[in-house]
Amino acid sequence: MNLKFYTLYGLVSFFPLWIFRANLSGFDIIILLFFFLFIPILIHIQLFKLFFKTKSKIIFLWLSLITFNCLDQNLSLWSPIKNGFLFINFNSPYANTLLISIILITILNVILLYKKIDALKIVFSFILVIFIFNIFDSPKYYSNFPKVNLTENKQKVKNDFNKKIVMIFDEMSGLNSIDTEVVNGKIINQKIKEFFQNNNFDIYENAHALFRDTDQSLGSTLNFIRTKEEYINIDRKVEVHFLKKSNNYFITNDLEKNKFFDLSEHNNIVVNQSMYMNYCNHPKVIVCNQFNPFDENLTFLKGFKDSKLTRYVSAYRNNGAIFSYYIWRALSQFRLVDTLLDPDGEKASFEYILNQIFRNIQNNKDTSLFFSHILVPHIPFAFNSKCEYDGDKSINYNRISINQKRIQHNLEKLCLTKFLDQFFTKLKKINVFKNLEIIIFSDHDSRIVDDDNIKNSVIFLHKKKNSKTSKINSDNLSINDLIYNLSSDKF
2 MNLKFYTLYG
12 LVSFFPLWIF
22 RANLSGFDII
32 ILLFFFLFIP
42 ILIHIQLFKL
52 FFKTKSKIIF
62 LWLSLITFNC
72 LDQNLSLWSP
82 IKNGFLFINF
92 NSPYANTLLI
102 SIILITILNV
112 ILLYKKIDAL
122 KIVFSFILVI
132 FIFNIFDSPK
142 YYSNFPKVNL
152 TENKQKVKND
162 FNKKIVMIFD
172 EMSGLNSIDT
182 EVVNGKIINQ
192 KIKEFFQNNN
202 FDIYENAHAL
212 FRDTDQSLGS
222 TLNFIRTKEE
232 YINIDRKVEV
242 HFLKKSNNYF
252 ITNDLEKNKF
262 FDLSEHNNIV
272 VNQSMYMNYC
282 NHPKVIVCNQ
292 FNPFDENLTF
302 LKGFKDSKLT
312 RYVSAYRNNG
322 AIFSYYIWRA
332 LSQFRLVDTL
342 LDPDGEKASF
352 EYILNQIFRN
362 IQNNKDTSLF
372 FSHILVPHIP
382 FAFNSKCEYD
392 GDKSINYNRI
402 SINQKRIQHN
412 LEKLCLTKFL
422 DQFFTKLKKI
432 NVFKNLEIII
442 FSDHDSRIVD
452 DDNIKNSVIF
462 LHKKKNSKTS
472 KINSDNLSIN
482 DLIYNLSSDK
492 F
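Quick note: the sequence shown uses the working numbering, first residue 2, plus one each step.
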């Protein structure tokens, strides 16, 4: 075979389709093409010119490596094998993917080394088909982010309707959780209590969640399921109800049924959501603000590395290639980049998200429900003592003790209230805060120790419309019961 064939082989193997899927500028695309395509192709051509002279068998190892790179880029191999494959299953996804990658590259090398040209033709045909298929794999393109404006769903409302804000903060433990039994627990608990008391919230200090995963917890709560037994008995053949795996590359799960949104009191619903669970398929939703890591308007907390390099590495990692995760991990370790992707990027842009909710309240006068599910204070950790972003805390999570994790989780909760204070202040300045009903809760506790024998204590707070006082409720109530009891029309 001549140099033209091997050059084509290299083009197919190296071509980074992912750079066209991340809302990058023309300049960014040229930069990435230079590093991910032009330089590798030049090296590739020089290696084959050398091969034609020396006939060194090392060229088959090179072909194995670039073939694996092609498979990795076009099949997004990180997700399918991060948890192991067959007998390979370590505690670390990096160990799993590294070992499986080495095995696959070795197999490719053996096949190409002993079958040479015949094997090369077959392998090239295979990767060419995968590459062409990936070109037309439209769900991975940026344009498939959920549509924001859904005003075609807008309904007519009465003038005297109640305005409600529901804010779900993911993985936030409660005021009497085991996480408070560390050195900063009582102090931070008191500060959080005082903040919500000053804003006339009723505090349910012994609220708990029925489940320790978001799918079951929120699926059951938003569909007025009151007990674990009731949830399990829906269909004992499956573990998760009301949700399905999303067909959208940028969404993990779709919530198929949502009785809370169905309530007659809720109209023209405005949603802010993460990339994990999609609430926007409901016919009453008129605005869908999903966290979008490649939104050019995103702003970040002080300390976040908002750079071109962070954007490039995030775009690569979003494609799901194994190599992208290793590149990101190495650059993060040396503190050269952070990541825009969920949940890190969402925590880094928490202030931006709250401002977005504020603008939605300003601009949507006919909305009765502003609903948000935000991946804060969900791990990885991010906040320092000044509530600035610190990427060191993200990459060092597995290196600190359980007590240190609990201390940091408490700090993350305190920082959350600091940003809520700014949010509430803005609402007060436009004279809408007192007229709002506000419900704040979490789907489950911190899961620092994920043990069913530990009470699944979560935050739950409720401000009534025009409330002038704050009450502390010490009853042992589930978020499922609380949401059910606070909903005036369940049917």
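C-beta: ideal position from N, C-alpha, C; glycine also. What you are looking at is a predicted structure, and each value in this text was computed from that prediction instead of being measured.
Does DSSP classify residue i as helix, strand or coil?
i: Cys-416; result: helix
i: Gln-363; result: helix
i: Phe-372; result: strand
i: Glu-297; result: coil
i: Phe-492; result: Confidence at Phe-492 is low in this model, with a pLDDT of 48, below 50, so the placement of that residue should be treated as unreliable; the coordinate-derived value is given next. It is coil, neither helix nor strand.
i: Lys-164; result: strand
i: His-463; result: strand
i: Cys-289; result: strand
i: Tyr-142; result: coil
i: Lys-238; result: coil
i: Asp-203; result: strand
i: Phe-384; result: strand
i: His-410; result: helix
i: Asn-150; result: strand
i: Phe-86; result: strand
i: His-493; result: This structure cannot speak to residue 493, because the chain is shown only from 2 to 492.
i: Ser-468; result: coil
i: His-45; result: helix
i: Ile-226; result: coil
i: Phe-137; result: coil
i: Asn-97; result: helix
How close, in whole Å, do the beta carbons of residue i and residue j come, if the pair is a contact with beta carbons under 8 Å?
i: Leu-302; j: Tyr-390; result: 4 Å
i: Val-338; j: Leu-310; result: 5 Å
i: Ile-169; j: Ser-443; result: 7 Å
i: Ile-270; j: Lys-285; result: 5 Å
i: Ile-103; j: Phe-86; result: No, Ile-103 and Phe-86 are not in contact; Cβ-Cβ is about 12 Å, not under 8 Å.
Could you spell out the range, first to last residue, of the beta strand (DSSP E) harbouring residue i?
i: Asn-254; result: 254-256
i: Gln-274; result: 270-274
i: Leu-18; result: Per DSSP, Leu-18 belongs to no beta strand (DSSP E) and is neither H nor E.
i: Glu-438; result: 437-442
i: Lys-303; result: Element bounds for Lys-303: n/a, residue is neither H nor E.
i: Lys-245; result: 244-246
Over the uninterrupted alpha helix (DSSP H) stretch that includes residue i, give me the two end residues.
i: Asp-393; result: 392-396
i: Leu-4; result: 4-15
i: Leu-78; result: Run containing Leu-78: none; DSSP gives neither H nor E here.
i: Tyr-232; result: 229-233
i: Ser-333; result: 323-334
i: Tyr-485; result: 480-487
i: Ile-179; result: Careful: Ile-179 lies outside any alpha helix (DSSP H) and carries neither H nor E.
Taking 6 Å as the limit between beta carbons, can you name the residues of its chain near residue i, skipping five residues before and five after?
i: Leu-12; result: none
i: Gly-392; result: Asp-339
Within 10 Å of its beta-carbon, does residue i have 16 or more other beta-carbons around it, so buried, or fewer, so exposed?
i: Lys-464; result: buried
i: Val-149; result: exposed
i: Val-124; result: buried
i: Pro-81; result: exposed
i: Asn-481; result: buried
i: Tyr-326; result: buried
i: Pro-147; result: buried
i: Pro-294; result: buried
i: Glu-413; result: buried
Here's a check: name, in chain order, each residue in its chain whose Cβ is nearer than 7 Å to the Cβ of residue i, leaving out the five neighbours to either side.
i: Asp-73; result: Ala-322, Ile-323, Phe-324
i: Arg-407; result: Asp-180, Val-183, Ile-449
Quick one: is the Cβ of residue i within less than 7 Å of any heavy atom of the ligand FMN?
i: Phe-425; result: Looking for the ligand FMN in the displayed structure turns up nothing, as the structure carries no ligands at all.
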